[in-house]
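*Asks:*
In this note's numbering, the protein residues as written are 7 to 287.
If you want it as C-alpha coordinates, here you go:
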(Lines of atoms letter the chains of each structure in order from A; the text may use other names.)
(Lines give C-alpha, C1' and ligand atoms only; values in the text may rest on other atoms or scores of the structure.)
Protein backbone atom coordinates (compact mmCIF):
# COMPACT_ATOMS: atom_id res chain seq x y z
CA UNK A 7 0.00 0.00 0.00
CA UNK A 8 1.34 3.45 -0.85
CA UNK A 9 0.45 6.93 0.34
CA UNK A 10 1.18 10.45 -0.75
CA UNK A 11 1.17 11.61 2.86
CA UNK A 12 3.99 13.91 3.84
CA UNK A 13 3.04 15.19 7.27
CA UNK A 14 5.60 14.26 9.92
CA UNK A 15 6.70 11.14 8.13
CA UNK A 16 10.37 10.81 9.08
CA UNK A 17 11.40 8.00 11.41
CA UNK A 18 13.03 9.71 14.35
CA UNK A 19 15.05 8.24 17.17
CA UNK A 20 12.70 9.92 19.63
CA UNK A 21 13.49 12.19 22.56
CA UNK A 22 12.97 9.52 25.16
CA UNK A 23 10.22 8.99 27.69
CA UNK A 24 11.55 11.50 30.18
CA UNK A 25 12.46 8.82 32.72
CA UNK A 26 13.50 10.71 35.86
CA UNK A 27 16.55 9.86 37.90
CA UNK A 28 14.48 9.22 40.98
CA UNK A 29 15.79 8.97 44.50
CA UNK A 30 14.70 5.76 46.16
CA UNK A 31 12.57 5.95 49.25
CA UNK A 32 13.87 4.32 52.41
CA UNK A 33 13.51 0.58 51.94
CA UNK A 34 12.78 0.94 48.20
CA UNK A 35 14.88 -1.05 45.76
CA UNK A 36 17.08 0.63 43.17
CA UNK A 37 16.52 -0.68 39.64
CA UNK A 38 19.40 -2.61 38.17
CA UNK A 39 19.24 -3.77 34.54
CA UNK A 40 19.52 -7.53 34.36
CA UNK A 41 21.72 -9.37 31.89
CA UNK A 42 19.26 -11.28 29.66
CA UNK A 43 21.82 -14.05 29.22
CA UNK A 44 21.64 -14.97 32.90
CA UNK A 45 20.28 -18.43 33.56
CA UNK A 46 16.63 -18.66 34.61
CA UNK A 47 15.88 -19.43 38.22
CA UNK A 48 12.99 -21.46 39.48
CA UNK A 49 11.32 -18.19 40.54
CA UNK A 50 11.56 -16.81 36.99
CA UNK A 51 9.90 -19.96 35.65
CA UNK A 52 7.16 -19.56 38.28
CA UNK A 53 6.71 -15.96 37.13
CA UNK A 54 6.06 -17.11 33.58
CA UNK A 55 3.49 -19.58 34.85
CA UNK A 56 1.88 -16.83 36.91
CA UNK A 57 1.44 -14.61 33.84
CA UNK A 58 0.51 -17.40 31.44
CA UNK A 59 -3.15 -17.51 32.51
CA UNK A 60 -3.58 -13.83 33.37
CA UNK A 61 -7.16 -12.72 32.67
CA UNK A 62 -9.26 -9.67 33.49
CA UNK A 63 -11.18 -11.48 36.22
CA UNK A 64 -7.98 -12.66 37.94
CA UNK A 65 -6.11 -9.37 37.55
CA UNK A 66 -6.20 -8.23 41.18
CA UNK A 67 -5.17 -11.63 42.49
CA UNK A 68 -2.24 -11.82 40.05
CA UNK A 69 -1.12 -8.30 40.92
CA UNK A 70 -1.13 -9.19 44.63
CA UNK A 71 1.02 -12.24 43.88
CA UNK A 72 3.40 -10.20 41.71
CA UNK A 73 3.71 -7.57 44.41
CA UNK A 74 4.44 -10.25 47.01
CA UNK A 75 6.94 -11.83 44.63
CA UNK A 76 8.80 -8.53 44.25
CA UNK A 77 8.88 -7.88 47.99
CA UNK A 78 9.72 -11.41 49.12
CA UNK A 79 13.45 -11.20 49.57
CA UNK A 80 15.60 -12.59 52.32
CA UNK A 81 18.29 -10.05 51.53
CA UNK A 82 18.14 -6.29 51.08
CA UNK A 83 17.21 -4.04 48.15
CA UNK A 84 19.10 -5.59 45.26
CA UNK A 85 17.06 -8.79 45.46
CA UNK A 86 13.80 -6.85 45.00
CA UNK A 87 15.40 -4.87 42.15
CA UNK A 88 16.25 -8.04 40.26
CA UNK A 89 12.69 -9.26 40.70
CA UNK A 90 11.34 -5.96 39.37
CA UNK A 91 13.55 -6.50 36.33
CA UNK A 92 12.13 -9.98 35.84
CA UNK A 93 8.52 -8.78 36.08
CA UNK A 94 9.14 -5.84 33.71
CA UNK A 95 10.93 -8.04 31.17
CA UNK A 96 8.21 -10.69 31.35
CA UNK A 97 5.42 -8.17 30.77
CA UNK A 98 7.22 -6.55 27.84
CA UNK A 99 8.30 -9.77 26.15
CA UNK A 100 4.88 -11.37 26.52
CA UNK A 101 3.25 -8.26 25.03
CA UNK A 102 5.64 -8.23 22.08
CA UNK A 103 4.95 -11.88 21.40
CA UNK A 104 1.19 -11.41 21.76
CA UNK A 105 -0.18 -7.89 21.19
CA UNK A 106 -3.55 -8.93 22.64
CA UNK A 107 -1.84 -9.27 26.02
CA UNK A 108 -0.84 -5.57 26.03
CA UNK A 109 -4.03 -4.19 27.69
CA UNK A 110 -3.65 -6.61 30.59
CA UNK A 111 0.09 -5.92 30.85
CA UNK A 112 -0.59 -2.18 31.07
CA UNK A 113 -3.25 -2.65 33.75
CA UNK A 114 -0.89 -4.83 35.79
CA UNK A 115 1.89 -2.27 35.33
CA UNK A 116 -0.32 0.60 36.47
CA UNK A 117 -1.25 -1.24 39.66
CA UNK A 118 2.37 -2.15 40.40
CA UNK A 119 3.41 1.46 39.77
CA UNK A 120 0.97 2.46 42.52
CA UNK A 121 2.59 0.15 45.06
CA UNK A 122 3.67 2.14 48.14
CA UNK A 123 6.90 0.24 48.63
CA UNK A 124 8.37 -0.28 45.15
CA UNK A 125 6.01 1.66 42.87
CA UNK A 126 8.40 4.43 41.86
CA UNK A 127 11.19 1.98 41.15
CA UNK A 128 8.88 -0.24 39.13
CA UNK A 129 7.69 2.73 37.04
CA UNK A 130 11.25 3.84 36.36
CA UNK A 131 12.29 0.30 35.36
CA UNK A 132 9.25 -0.15 33.14
CA UNK A 133 9.70 3.14 31.29
CA UNK A 134 13.45 2.59 30.90
CA UNK A 135 12.99 -0.89 29.42
CA UNK A 136 10.15 0.26 27.15
CA UNK A 137 12.24 3.21 25.99
CA UNK A 138 15.12 0.90 25.07
CA UNK A 139 12.79 -1.21 22.92
CA UNK A 140 11.33 1.96 21.39
CA UNK A 141 14.82 3.15 20.41
CA UNK A 142 15.46 -0.26 18.81
CA UNK A 143 12.08 -0.41 17.04
CA UNK A 144 13.54 -0.35 13.53
CA UNK A 145 15.66 -3.45 14.15
CA UNK A 146 12.72 -5.11 15.91
CA UNK A 147 10.55 -4.38 12.88
CA UNK A 148 13.12 -5.81 10.48
CA UNK A 149 13.37 -8.97 12.58
CA UNK A 150 9.66 -9.47 13.24
CA UNK A 151 6.70 -7.34 12.15
CA UNK A 152 4.60 -9.21 14.70
CA UNK A 153 6.88 -8.18 17.59
CA UNK A 154 6.97 -4.63 16.25
CA UNK A 155 3.16 -4.48 16.37
CA UNK A 156 3.26 -5.93 19.87
CA UNK A 157 5.61 -3.13 20.92
CA UNK A 158 3.33 -0.48 19.41
CA UNK A 159 0.32 -1.95 21.20
CA UNK A 160 2.20 -2.02 24.52
CA UNK A 161 3.30 1.62 24.20
CA UNK A 162 -0.26 2.68 23.37
CA UNK A 163 -1.74 0.69 26.23
CA UNK A 164 0.80 2.06 28.72
CA UNK A 165 -0.15 5.56 27.59
CA UNK A 166 -3.80 4.61 27.98
CA UNK A 167 -3.49 3.20 31.51
CA UNK A 168 -0.46 4.64 33.35
CA UNK A 169 -1.22 7.66 35.51
CA UNK A 170 0.81 9.95 37.73
CA UNK A 171 -1.26 12.15 40.01
CA UNK A 172 -4.29 11.11 37.99
CA UNK A 173 -2.78 12.38 34.74
CA UNK A 174 -1.44 10.40 31.74
CA UNK A 175 2.31 10.31 31.18
CA UNK A 176 2.76 13.06 28.59
CA UNK A 177 6.28 11.92 27.54
CA UNK A 178 4.67 8.73 26.17
CA UNK A 179 2.54 10.80 23.76
CA UNK A 180 5.51 11.34 21.45
CA UNK A 181 6.23 7.61 21.25
CA UNK A 182 2.54 6.85 20.63
CA UNK A 183 2.41 9.40 17.82
CA UNK A 184 5.66 8.27 16.20
CA UNK A 185 4.83 4.56 16.22
CA UNK A 186 1.34 5.18 14.84
CA UNK A 187 2.80 7.36 12.07
CA UNK A 188 5.20 4.57 11.18
CA UNK A 189 2.36 2.03 11.03
CA UNK A 190 0.44 4.33 8.70
CA UNK A 191 3.37 4.69 6.30
CA UNK A 192 4.01 0.99 5.80
CA UNK A 193 4.31 1.53 2.07
CA UNK A 194 7.58 3.42 2.59
CA UNK A 195 9.08 0.90 4.99
CA UNK A 196 11.98 -1.21 3.81
CA UNK A 197 11.02 -3.90 6.30
CA UNK A 198 8.89 -6.09 4.10
CA UNK A 199 6.95 -6.02 0.87
CA UNK A 200 4.59 -8.68 2.19
CA UNK A 201 1.04 -7.50 1.50
CA UNK A 202 -0.41 -9.46 4.42
CA UNK A 203 2.03 -7.82 6.82
CA UNK A 204 1.16 -4.38 5.43
CA UNK A 205 -2.52 -5.06 6.08
CA UNK A 206 -1.70 -6.34 9.57
CA UNK A 207 0.06 -3.06 10.35
CA UNK A 208 -2.97 -1.06 9.18
CA UNK A 209 -5.17 -3.28 11.38
CA UNK A 210 -2.80 -2.52 14.27
CA UNK A 211 -3.04 1.20 13.54
CA UNK A 212 -6.84 0.98 13.44
CA UNK A 213 -7.12 -0.79 16.80
CA UNK A 214 -4.64 1.43 18.61
CA UNK A 215 -5.99 4.70 17.22
CA UNK A 216 -9.41 3.70 18.52
CA UNK A 217 -7.82 3.01 21.90
CA UNK A 218 -5.69 6.14 22.37
CA UNK A 219 -6.87 8.67 19.77
CA UNK A 220 -9.08 10.62 22.14
CA UNK A 221 -6.43 10.67 24.88
CA UNK A 222 -3.69 11.72 22.43
CA UNK A 223 -5.89 14.61 21.29
CA UNK A 224 -6.33 15.81 24.87
CA UNK A 225 -2.60 15.56 25.64
CA UNK A 226 -1.08 16.85 22.38
CA UNK A 227 -3.49 18.46 19.92
CA UNK A 228 -0.76 19.24 17.37
CA UNK A 229 0.44 15.65 17.11
CA UNK A 230 -3.13 14.40 16.92
CA UNK A 231 -3.99 16.84 14.12
CA UNK A 232 -0.91 15.72 12.21
CA UNK A 233 -1.94 12.09 12.59
CA UNK A 234 -5.46 12.83 11.34
CA UNK A 235 -3.88 14.59 8.35
CA UNK A 236 -1.92 11.44 7.61
CA UNK A 237 -5.12 9.39 7.73
CA UNK A 238 -6.76 11.72 5.18
CA UNK A 239 -3.72 11.59 2.90
CA UNK A 240 -3.67 7.80 3.00
CA UNK A 241 -7.39 7.54 2.21
CA UNK A 242 -6.94 9.79 -0.84
CA UNK A 243 -3.80 8.10 -2.17
CA UNK A 244 -4.38 6.41 -5.55
CA UNK A 245 -3.05 2.99 -4.60
CA UNK A 246 -4.55 2.67 -1.11
CA UNK A 247 -6.56 -0.55 -0.86
CA UNK A 248 -10.31 -0.59 -0.37
CA UNK A 249 -9.91 -2.30 3.01
CA UNK A 250 -7.54 0.39 4.27
CA UNK A 251 -9.81 3.18 3.04
CA UNK A 252 -12.77 1.58 4.83
CA UNK A 253 -10.90 1.22 8.14
CA UNK A 254 -9.44 4.72 8.05
CA UNK A 255 -12.71 6.33 7.01
CA UNK A 256 -14.36 4.74 10.04
CA UNK A 257 -11.66 6.28 12.25
CA UNK A 258 -12.28 9.74 10.78
CA UNK A 259 -15.99 9.33 11.37
CA UNK A 260 -15.33 8.17 14.92
CA UNK A 261 -13.34 11.36 15.53
CA UNK A 262 -15.93 13.56 13.79
CA UNK A 263 -18.69 12.10 16.00
CA UNK A 264 -16.71 12.80 19.17
CA UNK A 265 -15.64 9.15 19.62
CA UNK A 266 -19.19 7.83 19.74
CA UNK A 267 -20.39 5.74 16.77
CA UNK A 268 -23.85 4.22 16.81
CA UNK A 269 -24.42 0.48 16.56
CA UNK A 270 -26.03 0.95 13.13
CA UNK A 271 -22.99 2.82 11.83
CA UNK A 272 -20.63 0.20 13.23
CA UNK A 273 -22.68 -2.45 11.45
CA UNK A 274 -22.50 -0.44 8.21
CA UNK A 275 -18.70 -0.33 8.27
CA UNK A 276 -18.53 -3.99 9.26
CA UNK A 277 -20.73 -4.95 6.30
CA UNK A 278 -18.77 -2.74 3.90
CA UNK A 279 -15.49 -4.26 5.07
CA UNK A 280 -16.88 -7.78 4.63
CA UNK A 281 -17.96 -6.94 1.06
CA UNK A 282 -14.54 -5.50 0.21
CA UNK A 283 -12.70 -8.52 1.60
CA UNK A 284 -15.06 -10.91 -0.21
CA UNK A 285 -14.27 -9.19 -3.54
CA UNK A 286 -10.52 -9.35 -2.85
CA UNK A 287 -10.63 -13.05 -1.90
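Backbone N, C-alpha and C define an ideal beta-carbon position, used for all residues, glycine too.
Hey, would you say residue 108 sits closer than 7 Å to residue 60, going by beta carbons?
*Replies:* Here residue 108 refers to the residue found at position 102 of the chain shown. Here residue 60 refers to the residue found at position 54 of the chain shown. No, the Cβ-Cβ distance between residue 108 and residue 60 is not below 7 Å.
*Asks:* DSSP puts residue 173 in a beta bridge; with which residues?
*Replies:* Here residue 173 refers to the residue found at position 167 of the chain shown. 170, per the DSSP bridge assignment.
*Asks:* Would you tell me roughly how many angstroms separate the C-alpha atoms of residue 181 and residue 73, rounded to the nearest one?
*Replies:* Taking the first residue of the chain shown as position 1, residue 181 is located at position 175. Taking the first residue of the chain shown as position 1, residue 73 is located at position 67. Roughly 28 Å separates the two Cα atoms.
*Asks:* Let's test the definition: count the other Cβ atoms within 10 Å of the Cβ of residue 145 and tell me whether it reaches 16, buried, or not, exposed.
*Replies:* On the chain shown, position 139 is the one that residue 145 refers to. So residue 145 counts as exposed.
*Asks:* Give every residue of the same chain whose Cβ lies closer than 7 Å to the Cβ of residue 283, excluding the five residues on either side of it in the sequence, and list them in chain order.
*Replies:* Against the chain shown, residue 283 aligns to sequence position 277. Cβ neighbours of residue 283 beyond the five flanking positions: 249.
*Asks:* Alpha carbon to alpha carbon, how far is residue 53 from residue 267? Give it in angstroms, no decimals.
*Replies:* On the chain shown, residue 267 is found 261 positions in, with the first residue counted as 1. On the chain shown, residue 53 is found 47 positions in, with the first residue counted as 1. Distance between the alpha carbons of residue 267 and residue 53 is about 40 Å.
*Asks:* Taking the runs of the beta strand (DSSP E) that are 3 residues or longer, which of them lie wholly in the region 58-122?
*Replies:* Within the region 58-122, no complete beta strand (DSSP E) run reaches 3 residues.
*Asks:* Where does residue 307 sit, in a helix, a strand or coil, going by DSSP?
*Replies:* Nothing about residue 307 can be read from this structure; the chain reaches only from 7 to 287.
*Asks:* Am I right that residue 242 and residue 215 are in contact with their C-beta atoms under 8 Å? What's the rounded C-beta distance?
*Replies:* For the purposes of this step, residue 242 is identified with residue 236 of the chain shown, where counting begins at 1. For the purposes of this step, residue 215 is identified with residue 209 of the chain shown, where counting begins at 1. Contact doesn't hold; Cβ gap of about 18 Å is too wide.
*Asks:* Check residue 215 in the structure and name its three-state DSSP category.
*Replies:* The residue labelled residue 215 in the question sits at position 209 within the chain shown. DSSP places residue 215 in helix when its eight states are reduced to three.
*Asks:* Determine the contact status of residue 102 and residue 164, defining contact as a CB-CB distance below 7 Å.
*Replies:* In the chain shown, residue 102 corresponds to position 96, counting from 1. In the chain shown, residue 164 corresponds to position 158, counting from 1. Going by C-beta atoms, residue 102 is not nearer than 7 Å to residue 164.
*Asks:* Using CA atoms only, rank isn't needed, just tell me which of 141, 65 and 252 is closest to residue 205.
*Replies:* As a first step, residue 205 must be located in the chain shown, where it is residue number 199. The shortest Cα separation from residue 205 among 141, 65 and 252 belongs to 252.
*Asks:* Compare the Cα-Cα distances from residue 121 to each of 233, 170, 23 and 162 and report the closest residue.
*Replies:* Residue 121 sits at position 115 when you count from the first residue of the chain shown. Residue 121 has its Cα closest to that of 170, out of 233, 170, 23 and 162.
*Asks:* Would you identify the three-state DSSP class for residue 281, choosing helix, strand or coil?
*Replies:* As a working mapping, residue 281 is identified with position 275 in the chain shown. Correct three-state label for residue 281: helix.
*Asks:* Assuming contact is defined by CB atoms lying nearer than 7 Å, are residue 87 and residue 97 in contact in what I supplied?
*Replies:* On the chain shown, residue 87 is found 81 positions in, with the first residue counted as 1. On the chain shown, residue 97 is found 91 positions in, with the first residue counted as 1. No, these two residues do not count as a Cβ contact at 7 Å.
*Asks:* What number of angstroms, rounded off, separates the C-alpha of residue 197 from the C-alpha of residue 117?
*Replies:* On the chain shown, position 191 is the one that residue 197 refers to. On the chain shown, position 111 is the one that residue 117 refers to. Low confidence applies to residue 197: its pLDDT is 41, below 50, so where it sits in the model is not reliable, and the reading given next is rough at best. In a straight line, the C-alpha of residue 197 is about 36 Å away from that of residue 117.
*Asks:* Taking only the alpha-carbon atoms, compute the straight-line gap between residue 287 and residue 201 and give it to the nearest angstrom.
*Replies:* On the chain shown, residue 287 is found 281 positions in, with the first residue counted as 1. On the chain shown, residue 201 is found 195 positions in, with the first residue counted as 1. Residue 287 and residue 201: Cα-Cα distance of roughly 13 Å.
*Asks:* Under three-state DSSP, which class holds residue 244?
*Replies:* Taking the chain shown and counting its residues from 1, the one referred to as residue 244 is at position 238. Correct three-state label for residue 244: coil.
*Asks:* Does the beta-carbon distance from residue 233 to residue 211 come in below 7 Å?
*Replies:* Within the chain shown, residue 233 is the residue found at index 227, counting from 1. Within the chain shown, residue 211 is the residue found at index 205, counting from 1. Against a cut-off of 7 Å, the Cβ pair of residue 211 and residue 233 comes out as no contact.
*Asks:* Considering just the uninterrupted stretch of the alpha helix (DSSP H) at residue 148, what are its terminal residues?
*Replies:* Within the chain shown, numbered from 1, the residue matching residue 148 stands at position 142. Counting along the chain, the alpha helix (DSSP H) containing residue 148 begins and ends at 143-149.
*Asks:* Where residue 67 and residue 114 are concerned, what is the direct C-alpha to C-alpha distance, given to the nearest angstrom?
*Replies:* Position 61 of the chain shown holds residue 67. Position 108 of the chain shown holds residue 114. So the two alpha carbons sit approximately 10 Å from each other.
*Asks:* Taking just the CA atoms, how far does residue 254 sit from residue 203?
*Replies:* Taking the first residue of the chain shown as position 1, residue 203 is located at position 197. Taking the first residue of the chain shown as position 1, residue 254 is located at position 248. Approximately 17 Å, taken between the alpha carbons.
*Asks:* Which word fits residue 239, buried or exposed, when buried means at least 16 other C-beta atoms lie within 10 angstroms of its C-beta?
*Replies:* By 1-based counting over the chain shown, the position of residue 239 is 233. By the 10 Å Cβ count, residue 239 comes out buried.
*Asks:* Short check: CB of residue 78 to CB of residue 155, under 7 Å?
*Replies:* The residue you call residue 78 lines up with position 72 of the chain shown. The residue you call residue 155 lines up with position 149 of the chain shown. Cβ distance not < 7 Å, so residue 78 and residue 155 don't count as in contact.
*Asks:* Just how far apart, CA to CA, sit residue 167 and residue 119?
*Replies:* In the chain shown, residue 167 corresponds to position 161, counting from 1. In the chain shown, residue 119 corresponds to position 113, counting from 1. Their backbone Cα atoms lie some 11 Å apart in a straight line.
*Asks:* Among 176, 23 and 150, whose alpha-carbon lies nearest the alpha-carbon of residue 207?
*Replies:* Looking up residue 207 in the chain shown gives position 201. The candidate whose alpha carbon is nearest that of residue 207 is 150.
*Asks:* Output the distance between the C-alpha atoms of residue 275 and residue 92, rounded to the nearest integer angstrom.
*Replies:* What you label residue 275 is simply residue 269 of the chain shown in a count that begins at 1. What you label residue 92 is simply residue 86 of the chain shown in a count that begins at 1. Looking at the two C-alpha atoms, the distance is approximately 42 Å.
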